[in-house]
Amino acid sequence: MDEQITEPQQQSETSGADLVDIEKNKVMGILAYILFLIPMLAAKESKFAMYHANQGLVLFLCMVTISIAGGVIPIIGHLLIPLGQLGGLILIVMGIINASKGEMKPLPLIGGITLLK
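Residue numbers for the sequence shown follow the numbering used here, beginning at 14 and rising by one.
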């Protein structure tokens, strides 16, 4: 039996971004859910950071839309705004956890929307 030791893969199987990019830009991925502009400006060459910046931008736009719609709709708005904010907070935490684990996993409901390439 002649076994050869192979080097670890340079590309994550689930994410498509290389492992060096993920390790180098985990902080940018986490920041994308707090201020999506930071990774867009500081790490625009990183596939990992831009993926999470896209998720953060889409989440931000959805939360703004829910807040505006809740303000316009009289009675339902009083329920819509707090529920939308709670849902947004849950998605922010999920995104931060995914970024800190080095995963490029789409968020529920909004994960399929791509605004940034």
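The beta carbon of each residue, even a glycine, is placed where N, CA and C say it ideally should be.
Note to self: With a threshold of 7 Å on Cβ separation, who are the neighbours of ASN67 within its own chain once the five nearest residues in sequence on each side are excluded?
What the structure shows: THR127, LEU128 and LEU129
Checklist line | Proximity of GLY97 and GLY83 at Cβ, strictly below 9 Å | finding: yes
Checklist line | Sequence ranges, alpha helix (DSSP H) only - wholly within the region 72 to 123, length at least 4 | finding: 90 to 113
Margin query: Count Cβ pairs between the region 37 to 44 and the region 85 to 93 that sit closer than 8 Å; are there 3 or more?
Written below: no
Next item on the list: Could you tell me the distance, in whole angstroms, from the CA atom of VAL71 to the CA atom of HIS65?
Entry: 10 Å
Margin query: Assuming ILE51 is part of the alpha helix (DSSP H), what are its boundary residues?
Written below: 50 to 55
Notebook entry, point to check: In its own chain, which residues sit with a C-beta less than 6 Å from the C-beta of LYS118, not counting the 5 before and 5 after it?
Noted result: ASN111
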